[in-house]
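Notes for the one structure printed next.
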Amino acid sequence: MQVVWAICGGALNVALVLALAPLLHGVMRRITARIQSRQGPPLLQPYFDLLKLLGKEDIESGETPGMQRLAAWLSLAAVLAVACLLPMGFGAPLNLAGDVILLIYLLTLCGVSTLLAGMAAGSTYSMIGVSREMMTMITLEPLLAVALVVGALHAGSLRLDAVLNGSVYTGGSVPWSGLIMVTVMLLSLQAFVQRVPFDVAGAETELMEGPLMEYSGPKLALFQLASMARLVIYCAVFAGLFLPWGSQVPFPLGWLLFWVKVFGLVLLVTLVAATHARYRIDQALRYFAGLLGVSALALVLASFGY
Amino acid sequence: MIARERLNQMKEKFGSAILRADLPSDRQLFVWLQPEAVKELCQHIFRDLDARYVISIGADDRPFSGGFIVAHDFAFDTDHVLCSVLTQLPADEPKIESISGVVPAANWAEREMRDLVGIESVGHPYPKRLVLPDGWPEDVHPLRKDVPWNHVPPEFKEGASFEFEKTPEGCTVVPFGPFHPTLDEPAHFRLYVEGEMVRGCEYRGFMAHRGIEKLAESVMSYNDIPVLAERICGICGCVHSVAYTEAVEAAAALRPPPRAEYIRTILLEMERLHSHLLWVGLACHIVGFDTLFMQAFRIREPVMWMAEKITGNRKTYGLCVVGGVRWDITPELKAELNQVLNKLQAEWEPLVGAVSRDKNIQKRTRGVGVADRNVVKNAGAVGPVARAAGVDIDCRRDHPYAAYDRVDFRVITATGCDVWSRVVVRMKEVFESIAIIRQCLEKMEPGPLQLEIKDELPVGRIGLSSVEAPRGESHHFIITGENNRPRRWRVRAPTYQNLQAVPAMIRDQQIADMTISLGSIDPCFSCTDRMETIELRSGERKTWSQKELLALSQGKK
Chain A
1 MQVVWAICGG ALNVALVLAL APLLHGVMRR ITARIQSRQG PPLLQPYFDL LKLLGKEDIE
61 SGETPGMQRL AAWLSLAAVL AVACLLPMGF GAPLNLAGDV ILLIYLLTLC GVSTLLAGMA
121 AGSTYSMIGV SREMMTMITL EPLLAVALVV GALHAGSLRL DAVLNGSVYT GGSVPWSGLI
181 MVTVMLLSLQ AFVQRVPFDV AGAETELMEG PLMEYSGPKL ALFQLASMAR LVIYCAVFAG
241 LFLPWGSQVP FPLGWLLFWV KVFGLVLLVT LVAATHARYR IDQALRYFAG LLGVSALALV
301 LASFGY
Chain H
307 MIARERLNQM KEKFGSAILR ADLPSDRQLF VWLQPEAVKE LCQHIFRDLD ARYVISIGAD
367 DRPFSGGFIV AHDFAFDTDH VLCSVLTQLP ADEPKIESIS GVVPAANWAE REMRDLVGIE
427 SVGHPYPKRL VLPDGWPEDV HPLRKDVPWN HVPPEFKEGA SFEFEKTPEG CTVVPFGPFH
487 PTLDEPAHFR LYVEGEMVRG CEYRGFMAHR GIEKLAESVM SYNDIPVLAE RICGICGCVH
547 SVAYTEAVEA AAALRPPPRA EYIRTILLEM ERLHSHLLWV GLACHIVGFD TLFMQAFRIR
607 EPVMWMAEKI TGNRKTYGLC VVGGVRWDIT PELKAELNQV LNKLQAEWEP LVGAVSRDKN
667 IQKRTRGVGV ADRNVVKNAG AVGPVARAAG VDIDCRRDHP YAAYDRVDFR VITATGCDVW
727 SRVVVRMKEV FESIAIIRQC LEKMEPGPLQ LEIKDELPVG RIGLSSVEAP RGESHHFIIT
787 GENNRPRRWR VRAPTYQNLQ AVPAMIRDQQ IADMTISLGS IDPCFSCTDR METIELRSGE
847 RKTWSQKELL ALSQGKK
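And the structure:
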């Protein structure tokens, strides 16, 4: 029974992420357009864009086309694997198959696929994009790891359903480490989902999409879908870690509430992206380094039970 | 008579070398010199008298005087004088001592003179080909009078490619261009990069040649040329059209009626308005702030509609003829223009506030793309680049044309020398432009739009004009000629000088700052790439021939 449940739940999560990610992206574009005094595209435009790209000729280009293809698949596969692991409105489907550590690995794999994509192209611009992505990952990934570890420390477990249920707030009467980490993650959410002001790796006006510059057609569609899904996934992780309220409500309501939270976070990302200029890589790194220092403090606090 | 005073200063030192001097008005000074003394006089003018270098012109005057003419133009901005140092060279040996050693800003102009007219600058510090395509033979100079405008030399090698200098040690090459999302026109900067730091660059531009000067000198007539001139640039068309007509009028001692001068001023300022709004938007886009980019374009749109109502085109086209203008501003248009200005001012103020308060934009632009006074002087940089470095120059005030001597406005300067200062200068200039248009609308009296010109224009006269384009000074030099067309017409757009300051701006900066630094001079490559007989393109890697490309683009029609 549990196996059937895990498979059904996982499939539902994957299907929902695949189906809703473009819609959320469409909402994002529409809201951005409104902020910019434009009308904006129809809500369903991202679906049409993806379909159009999928129907195009699959061109092999760059230095190592095989790796290019692999990177495109890998980026989407990693995101969808995470979708199977996360509690999205109901208990984590593959709760027994993996823990928080696996989650960190899989999320890092998303970034690694971008690196592979850039290296497969082998052009100067994509290599600059790769080096920027790498620097960003090195300073950024520890933040998420710390947040998850803080949760795990408080929960006393590495199990997904235990950690991704607001466990960061369970230490002491004033959950200092949890409050610090929620601030840190809010301040860096934009970077995790690769939106302005931290879209330095692919900055269109500087690097011409950086690592993705050799991509076109179906492979580009995979990458774009992965990037849209990535937004949903990170919002889901954020909601699970820091916005646990209402997760105990029975199935249809709690499940709806979860997606409302995700939608709210997407809205936040959109608003920030539309009202900021892009940071330069060194400015971004300094910013992340500051956050890293603060999160180290949170880790110390958490290990003493605060 | 400040121009005479300057002339006397020159005579004191170079009395014996000066052959003759013309002072057609108190604002223009022409000094004819023996070729041997040119370099020293230029040094004296540039360094001791602290004039600003404008441009050097080479002209093939063999059919008329039997030799070549070389002119170096300078501007005494505080004295309101434009000065041209001229000399004649023998037909069989067109060589002159280079002034680039003492006037670095002349670097490009002298190389171009060699390419197009075949006047050799002896002792040039970097005598590399500048304008001509790479496969063009050495001894064919398109702007010589004996070369027909549509001549393609049989020795022309289409597939030849440009040879870049050796890459400095420890640097990798990042090709910026010929096509890049932030360049709307082809130009190639070869960046030498160490990690994320730019250590140097080499520029290869002049990729889209349209042969505008040659066409004007060999095919068109005086009143056709304004229409050609305004197609030099996609933004400051009106500037070139006015600059050309003002140059012809200066040469022929004509003065258009006052109403025409006011209308020229109004349309020039409208052009500045839409250009500044566009540029501030683009600067925001380059640093990734698309919301302000979109808002700037929304605010700009009514200006374009107004231009369409006045001239029949969103761009301010077809305005000038020699001795006047074509379009009138009717009372209805005046009322509507006033409304557009009110709305523009009301909407621009919050946007300026938003940009000024935004810490992100300032982080990306402060201390970036620095061009200080020294760089400005040595590159001959003009416009917002100069004013942002505290160099208080503006042709509208310093060399007034059209009706600028009858309106009040401030010249905005800043002292930061960086991209942010350029943003501030251009944002504030919008308010001055609005004020100027309002004053013109107020002061304009009814009257004729064009001068009645009955006689032919005099032949062999020289005219200079400087018009302040949104990006800086556009300078036109003209020698009037036979057949109702000029003998020589030289256009120097602001980007021509400002681009020469770019290598200094981007050196030892992050590669991410490259686009905004280059964007901050508002480069207009079509203005710069303006002279060649035929369109030719030689890519670095040859896949398509020009013929195939043409067939491809024309076959789809």
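These protein sequences, in sequence, are chains A and H.
Going by the numbering used here, 150 is the number at position 150 of the first sequence; the sequence numbering is gapless.
Going by the numbering used here, 404 is the number at position 98 of the second sequence; the sequence numbering is gapless.
Positions of the beta carbon are idealized from the N, C-alpha and C atoms, including for glycine.
For clarity, every value in this text was computed on a predicted model and none was experimentally measured.
When the five nearest sequence neighbours on each side are left out, the beta carbons in the same chain lying within less than 8 Å of the beta carbon of glycine 753 of chain H are those of Pro563, Pro564 and Arg565, in order along the chain.
The Cβ atoms of threonine 384 of chain H and tryptophan 338 of chain H lie no closer than 8 Å to each other. Look at the beta carbons and you see the stretch 219-239 of chain A touching the stretch 61-75 of chain A: at least three pairs across the two are nearer than 8 Å.
Chain H has a Cβ within less than 8 Å of the Cβ of serine 37 of chain A. Under the three-state reduction of DSSP, serine 727 of chain H is assigned to helix. Taking one beta carbon from each stretch, the stretch 554-561 of chain H and the stretch 753-771 of chain H have 3 or more pairs nearer than 8 Å; the two touch. In this structure, DSSP gives serine 427 of chain H an extended state, which the three-state scheme calls strand.
Boundaries of the beta strand (DSSP E) harbouring tyrosine 509 of chain H: 503-510, taken from the DSSP string. Contact check for glycine 424 of chain H and glycine 407 of chain H: beta-carbon distance about 21 Å, past the 8 Å limit, so the pair fails to qualify.
Chain A places no beta carbon closer than 8 Å to that of methionine 733 of chain H, leaving this residue out of the contacts. Between isoleucine 817 of chain H and valine 504 of chain H, the beta carbon gap of about 6 Å places them in contact (Cβ cut-off 8 Å).
Glycine 9 of chain A and serine 826 of chain H have their C-alpha atoms some 54 Å from each other. Closest in C-alpha terms to threonine 551 of chain H, from the list H:Arg744, H:Pro532 and H:Pro637, comes H:Pro532. Per DSSP, reduced to three states, the secondary structure at threonine 393 of chain H is strand. Beta-bridge pairing by DSSP links valine 631 of chain H to H:Cys626. Of A:Tyr279, A:Leu271, A:Ala296 and A:Ala289, the smallest CA-CA separation from methionine 28 of chain A is found for A:Leu271.
Shown here, glutamine 815 of chain H sits in a strand according to DSSP, grouped into three states. Nearest neighbour of glycine 321 of chain H by Cα position, chosen from H:Lys734, H:Phe352, H:Ala343 and H:Ser331, turns out to be H:Ala343.
Under the criterion of beta carbons closer than 8 Å, tyrosine 359 of chain H and alanine 411 of chain H qualify as touching, at roughly 4 Å. Pairing proline 608 of chain H with methionine 600 of chain H, the inter-Cα distance amounts to about 14 Å.
Neighbourhood of alanine 121 of chain A in chain H, by CB distance below 9 Å: empty, with the nearest CB roughly 14 Å away.
With its beta carbon less than 8 Å from one in chain A, isoleucine 667 of chain H belongs to the interface. From the beta-carbon of glutamine 2 of chain A, no residue of chain H is found nearer than 8 Å; the closest lies around 48 Å away. Measuring C-alpha to C-alpha distances from methionine 610 of chain H to each of H:Cys701, H:Glu575 and H:Asp421 identifies H:Glu575 as the nearest. Note that the C-beta distance between alanine 685 of chain H and glutamine 803 of chain H is below 8 Å.
The stretch 665-752 of chain H is shown to contain whole alpha helix (DSSP H) runs of 4 or more residues at 665-671, 679-685, 690-693, 701-704 and 725-749, in chain order.
For lysine 401 of chain H, the enclosing beta strand (DSSP E) covers residues 401-403. Histidine 154 of chain A sits away from serine 173 of chain A, with the two beta carbons spaced by 8 Å or more. When Cβ-Cβ separations below 8 Å define contact, isoleucine 281 of chain A makes contact with chain H. When beta bridges are read from the DSSP output, valine 337 of chain H appears opposite H:Ala327 and H:Val391. Three or more Cβ pairs closer than 8 Å define a contact, and the stretch 656-669 of chain H meets that threshold against the stretch 268-284 of chain A. Residues of the stretch 472-484 of chain H with a C-beta less than 9 Å from any C-beta of chain A: Thr478, Val479, Val480 and Pro481, listed in chain order. Under a criterion of Cβ atoms nearer than 7 Å, the residues of chain A adjacent to glutamate 502 of chain H are, in order, Ile281. For the stretch 570-600 of chain H, the set of residues with a beta-carbon nearer than 9 Å to any beta-carbon of chain A comprises Cys590, His591, Ile592, Val593, Gly594, Phe595, Asp596, Thr597, Leu598, Phe599 and Met600, in chain order. For glycine 587 of chain H, the enclosing alpha helix (DSSP H) starts and ends at 564-592. Remark: C-beta atoms of valine 149 of chain A and valine 294 of chain A do not approach each other more closely than 8 Å.
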